[in-house]
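*Asks:* Dropping the structure in here first, questions after.
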Amino acid sequence: MPDASRDRIRRAAVDLLAAGGRDAVSTRAVAAAANVQPAAIYRAFGDMRGLLDVVAEETFARYLARKEEALPAGDDPVGALRAGWDLHVRFGIENPAVYVLIFGYREDRRGGQNAAAATALSVLRQHVVRVARAGLLVVPVEQAVSTIHAAGMGAVLHALSLPEADRDGFDSSVLRDAVLDRILDTTVNAVAAVAGDLRADAVALATALADPEQDVPGGLTPGERLLLRELLDRMASHQIS
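Note that the sequence shown covers residues 20 to 260 in my numbering.
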């Protein structure tokens, strides 16, 4: 199919999605708006799900490019994590239909999450790993990623449940700070601070062991690294009484 026809189909889907949400993006509506036969959509994208995934991925890619420019400069992994949360929530509020396409639950998703959702998790994991390597994380990396991702999605979906006029006034910073305070080393009690430091050290070492390119002392075999990671993750997951 000519690139021009494919691009017309994609742009028609973007416009319909922005104007009317997912229900507005039907085969008939897209074909009419793009001035093509319905069969052209299937030849170019496989099916409507393929078209919608392309729309979501391209929109999210533009967001990620802007996000990299908006994140604070310098070596402040916690500041980047906070800013990343705020940008994620803002993206969801400004692009509700695309956000639900990317992160919403769908029974027809046979192949797992779409590429945009996988990219979002990968970017979040990179930020969390930076925090862990700085010795500031007191839970395992994957637990932190899952917690932040779940809370961030919840914040966006709550905002989208509000009347549209109220969404811009929604402030998710209280939830953001509550989540980060729980997984970062922010303890002030002297006894808890020592335990928190030990957990942060365990997470930092487990994160280093998870990277096959990371040099660690002791000349550990792959099996030994895996065993040590499991023990360190268990230490990091232990609740401080």
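Each residue gets a CB set at the ideal place from its N, CA and C atoms; glycine is no exception.
Fair warning: this is a prediction, and the values are worked out from it, not measured in the lab.
1. Any chance you could list the alpha helix (DSSP H) runs of at least 4 consecutive residues sitting entirely within the region 115-179, in chain order?
2. With distances taken between CB atoms, is the gap from residue 176 to residue 120 smaller than 8 angstroms?
3. Taking DSSP's pairing of strands, which residues face residue 203 in a bridge?
4. Kindly list the residues whose CB is nearer than 8 angstroms to the CB of residue 115, restricted to its own chain and excluding five residues on each side of it in sequence; keep chain order.
5. If you reduce the DSSP assignment to three classes, tell me which class residue 306 lands in.
6. Consult DSSP for residue 211 and reduce its assignment to one of helix, strand or coil.
7. Ignore the nearest five residues each way along the sequence and tell me which others in residue 99's own chain have a CB closer than 8 angstroms to its CB.
8. Assuming residue 151 and residue 223 are in contact, meaning their beta carbons sit under 8 angstroms apart, how far apart are those beta carbons, in whole angstroms?
9. What residue does the alpha helix (DSSP H) around residue 89 start on, and which one ends it?
10. To the nearest angstrom, report how far apart residue 118 and residue 240 are at their CA atoms.
11. Hey, would you say residue 28 sits closer than 8 angstroms to residue 63, going by beta carbons?
12. Would you mind sorting residue 141 into buried or exposed? The rule is 16 or more other CB atoms within 10 Å of its CB.
13. If you follow the alpha helix (DSSP H) that residue 43 is in, where does it begin and where does it stop?
*Replies:* In short:
1. DSSP runs (the alpha helix (DSSP H)) wholly in the region 115-179: 115-122, 134-152.
2. Residue mapping note: residue 176 aligns to position 157 of the sequence shown, counting from 1. Residue mapping note: residue 120 aligns to position 101 of the sequence shown, counting from 1. Their beta carbons are not under 8 angstroms apart, which means residue 176 does not touch residue 120 by this criterion.
3. As a first step, residue 203 is located in the sequence shown; it is residue number 184 there, counting from the start. Residue 203 pairs with 156.
4. The residue you call residue 115 lines up with position 96 of the sequence shown. Only 40, 179 meet the Cβ criterion.
5. There is simply no residue 306 to check, as the chain begins at 20 and stops at 260 in what is shown.
6. By one-based count along the sequence shown, residue 211 stands at place 192. Only weak support is given to the placement of residue 211: the predicted model assigns it a pLDDT of 39, under 50, and the value that follows is read from those uncertain coordinates. DSSP places residue 211 within a helical segment (H, G or I) once states are collapsed to three.
7. By 1-based counting over the sequence shown, the position of residue 99 is 80. Counting only Cβ-Cβ distances below 8 angstroms, and skipping sequence neighbours, we find 90, 91, 146, 149.
8. For the purposes of this step, residue 151 is identified with residue 132 of the sequence shown, where counting begins at 1. For the purposes of this step, residue 223 is identified with residue 204 of the sequence shown, where counting begins at 1. About 5 angstroms separates the Cβ atoms of residue 151 and residue 223, confirming a contact at the 8 angstroms cut-off.
9. One-based indexing of the sequence shown puts residue 89 at position 70. Residue 89 -> alpha helix (DSSP H) spans 67-89.
10. As a working note, residue 118 is residue 99 in the sequence shown. As a working note, residue 240 is residue 221 in the sequence shown. Cα to Cα, residue 118 sits roughly 43 angstroms from residue 240.
11. For this step, residue 28 is matched to residue 9 along the sequence shown. For this step, residue 63 is matched to residue 44 along the sequence shown. Yes, these two residues count as a Cβ contact at 8 angstroms.
12. Within the sequence shown, numbered from 1, the residue matching residue 141 stands at position 122. Residue burial annotation: residue 141 is exposed, with fewer than 16 other C-beta atoms found within 10 angstroms of its C-beta.
13. In the sequence shown, the residue the question calls residue 43 occupies position 24. First-last for residue 43: undefined, no H or E at that position.
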